[in-house]
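These protein sequences, in sequence, are chains A and B. Residues in the first sequence are numbered from 96 upward in steps of one, following the numbering used here. Residues in the second sequence are numbered from 2 upward in steps of one, following the numbering used here. Here's the structure we're looking at; comments come further down.
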Amino acid sequence: MGTVRRHAFVECDADTVWAFVGAPERLHEWFPITECRVEGNKRWITLAGGIVFEEEIVTLDHDLRRFQYKIINNSLIKFHLGTVDVIPDSPNRCLVMYSTDMDPEVLALPISGAAGVGLAKVKEMFDGR
Amino acid sequence: MGRKILFITTDQQRYDALGCNGGTIARTPNIDALSRDGITFDRAHPQNVVCMPSRSTMITGQHVSTHGVWMNGVPLPQDAPSIASDLRTAGYATALIGKAHFEPLLDPFLRFTENRIGNQRKTTDNPADPHRGFDHMELSTHGAVGQLHYSQWMRDNHPEAIGGFYQVLDHELQVNALGGGETNAPQIKVNPIQKDWYHTHWVAQRTINWLNSLPADRDWFCWMSFPDPHHPWDPPASELHRVPWREVDLPAGYIENKSQREKILDDKLRHWRGWYDGTFVSNYEAPAKWVPATMTADQVREVNAFTHVENELIDEAIGDVLGAITARGWESDLDVVYTTDHGEFQGDFGLLFKGPYHVDSLMRLPLIWRPAPSAHTKPSRVNAPVGLVSLAATFAHIAGVERPSYTEAPRLPINNDEARELGHERVLTEWDSVLFGKIVHLRTICRDNWVCTAALEGSMSAEGEGELYDLVNDPLQHVNRWNDESVRSLRDDLLSDLWANLPSQVLPLRTMDAPV
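The following block contains the structure:
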């Protein structure tokens, strides 16, 4: 099992950041993917190289500000759990964390790398708002 | 007109692969001729013994601590310095053809330019300000999967031959441990591909095509980068007759007696024995499911045979390119620099592949600089320690460009006297790996024919541990003298020199965005 975590401190209140990051259908606005579609608790994302991941939304907890999802129906992936947390640090600052637990473990690394790009985008969009 | 620069690299090639360095298996007449007419370095080390960090050193002229690509999978930043950019600014046409690997290969999000331009079948991302200063990039790696240009070319032209290559990753995306050939050695495959579809030939032909696209009066810098003889070892089957594996002598570094071999391994830092026994795989450079202790002498022979077939094909491809350059009338103004990014165990100590092991198998590299005949430089052999960190300054020197301020080492010398004048007293190598909690940090200095490696705090080592080898009296590095009181003052002096000269590591460490 590979476990990797990325984080960013964002100079913005947690509710504002969560309203964006906690909207599963808006993933393509900050994560380096080309398409995103949500139906019920299912999400499909398309990567730049044309790969499509089917995902199951496991947790969407607005009180906890936690989003969790699993990649499903993929013959390569034995286990996956992605977790996004938005945690208040002060009235105008929050911590956004993106964790990936995965088997095969090596796939956690490129997903984590993409999460790093995504978190930088969130920071760019919300810092100082 | 100025001097043209052909920079040739191979991947994972040992010093003793070449005839000019005492190699007796592969026939390498074209490279040997470059050595005969040029400067051959007998103690050239990389600044890291895996691909991405070492290649990043070549292009930036910086140690790993400075450029920050501390392991495969850590991308070189888009805006990192590049000697190709400086040469381009000076008016040179620039190209990189073959294996780049400044950015991760496993890139499903297509975040990185190398993969993206391959996927889009382009040879540049931006002609006005091209990626890393190369006007033209046509890229390849080992085999024909992924997004790079060679893979696309194979898919377009010879899709039926793609399956002939060894499958580098297994179904769990781990480096494949599957054996092949006649001995079931790992990462060996008899590949039915035609010789002129194989990537060595492709790299040479794409290089010739690019050179032929240039006007006769244009100065140019071409990095021709062969993916071989890096594993997997799957050269065209039609060429295997060149080196019958049963006739290959075991390498001098292979210790046949098991108990003697294990005693020598036990005398080194503990991660050596951990890998040998299959209990500690520190990095993604070797198959995690393969246990080196199981390797047979015949497997070592077969791996060596396949490797030397690949070495011969590289030499012939170089001959083709040099012939094309001569046909263009550029020979008298042509500088050729030949090297590799790191070495390969190839059976030494009962091991294959590479990792955190700072001995000659992985650190002593072939390096040849054949200056332009018009420069009338006297051929020589240089035994002063030099590093790949000197390449960027060397290219600037050849082009008549001031040494860029970002480079951290003087240019290569043309003889031992000049090595002293330029300050080539020592060469430094670093290792950092933290793959899923398996941590190894090493810092190494080579000076005065000694190699001294300090371990930093890690999974199997504590600060204060290390390795010390006498290269003159122990050329195979069998005797670790780290705890030998008779050389304690020498060891301490080498360590002081190491810490005084190693650049401070840029922190925080950049993130690892892929396994490789």
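Heads up, the beta-carbon is just placed ideally off N, CA and C, and yes, glycines get one too.
Exercise. Sorted by chain position, which residues of the same chain lie with C-beta nearer than 6 Å to S519 of chain B's C-beta, five sequence neighbours on each side aside?
Worked result: Residue coverage of chain B in this structure runs from 2 to 517, which leaves residue 519 of chain B outside it and unanswerable.
For this session: Give a yes or no on contact between the stretch 82-91 of chain B and the stretch 410-428 of chain B, applying the rule of three or more CB pairs nearer than 8 Å.
Result: no
Problem set entry | Candidates A:D222, A:A203, A:F221, of which the one nearest L436 of chain B by Cα | A:A203
Problem set entry | Whole-angstrom distance between G213 of chain A and V147 of chain A, CA atom to CA atom | 18 Å
For this session: Please name the residue, chosen from B:R44, B:G20, B:L251, that lies closest to R37 of chain B on a Cα-to-Cα basis.
Result: B:G20
Exercise. So is R404 of chain B in contact with chain A if we call contact Cβ pairs under 8 Å?
Worked result: no
For this session: Check whether the stretch 383-391 of chain B touches the stretch 68-80 of chain B, counting contact only when three or more Cβ pairs, one atom from each stretch, lie closer than 8 Å.
Result: no
Problem set entry | Closest residue to L251 of chain B among B:G74, B:H272, B:T25 (Cα-Cα distance) | B:T25
Exercise. Along the chain, where does the alpha helix (DSSP H) that runs through H175 of chain A open and close?
Worked result: Run containing H175 of chain A: none in the alpha helix (DSSP H); it sits in the beta strand (DSSP E), 174-185.
Exercise. Bridge partners of Q163 of chain A, per DSSP?
Worked result: A:T154, A:T178
Exercise. Can you tell me whether G165 of chain B is buried or exposed, with buried defined as 16 or more other CB within 10 angstroms of its CB?
Worked result: buried
For this session: Count the other CB atoms, across all protein chains shown, that sit within 10 Å of the CB of K100 of chain B; report buried if there are 16 or more and exposed otherwise.
Result: buried
Problem set entry | Supposed close pair V337 of chain B, T208 of chain B - CB separation, criterion 8 Å | Not confirmed; about 12 Å, so no contact.
For this session: Give every residue of the same chain whose Cβ lies closer than 7 Å to the Cβ of G424 of chain B, excluding the five residues on either side of it in the sequence, and list them in chain order.
Result: P411
Exercise. Which of the residues in the stretch 191-220 of chain A, read from start to end, lie with their CB under 9 Å from any CB of chain B?
Worked result: D198, P199, E200, V201, L202, A203, L204, P205, I206, S207, G208, A209, G211, V212
Exercise. Taking Cβ-Cβ distances below 9 Å as the criterion, which residues of the stretch 96-108 of chain A are in contact with chain B?
Worked result: M96, G97, T98, V99, R101
For this session: For R112 of chain B, go through chain A and note every residue whose CB falls closer than 9 Å to its CB, in chain order.
Result: P127, A143, P205, G208, A209, V212
For this session: Note down, in chain order, all residues in the stretch 430-449 of chain B with a beta-carbon under 7 Å from any beta-carbon belonging to chain A.
Result: F437
Problem set entry | C-beta contact flag for R101 of chain A and G211 of chain A at 8 Å | yes
For this session: Scan the stretch 66-87 of chain B for residues whose Cβ lies nearer than 9 Å to a Cβ of chain A and list them as they occur along the chain.
Result: G74, P76
Exercise. How far does the beta strand (DSSP E) with Y193 of chain A in it reach, from first residue to last?
Worked result: 188-198
Exercise. How about D222 of chain A and V105 of chain A: do their beta carbons lie closer than 8 Å?
Worked result: yes
Problem set entry | 6 Å Cβ shell around T114 of chain B - same chain, five flanking residues per side excluded | D126, H132
For this session: For R138 of chain A, count neighbouring C-beta atoms within 10 Å of its own C-beta (all shown protein chains included) and say buried if the count is 16 or more, exposed if not.
Result: buried
Problem set entry | Chain-ordered neighbours of I182 of chain A on chain B, where CB pairs are closer than 7 Å | Residues of chain B passing the Cβ test: none, with the nearest at roughly 20 Å.
Exercise. How is the beta strand (DSSP E) around A455 of chain B delimited, first residue to last?
Worked result: 451-456
Exercise. For the alpha helix (DSSP H) that W154 of chain B lies in, which residues bound it at each end?
Worked result: 150-158
For this session: Determine which residues of the stretch 138-171 of chain A have a Cβ less than 8 Å from any Cβ of chain B, and write them out in chain order.
Result: L142, A143, G144, I146, L171
For this session: Report the residues of the stretch 174-208 of chain B with a CB closer than 8 Å to any CB of chain A, ordered along the chain.
Result: L174, Q175
Problem set entry | Option nearest N305 of chain B by Cα separation, candidates B:L353, B:N474, B:A81 | B:L353
Exercise. Just the Cα atoms here: how many angstroms apart are S406 of chain B and L503 of chain B?
Worked result: 17 Å
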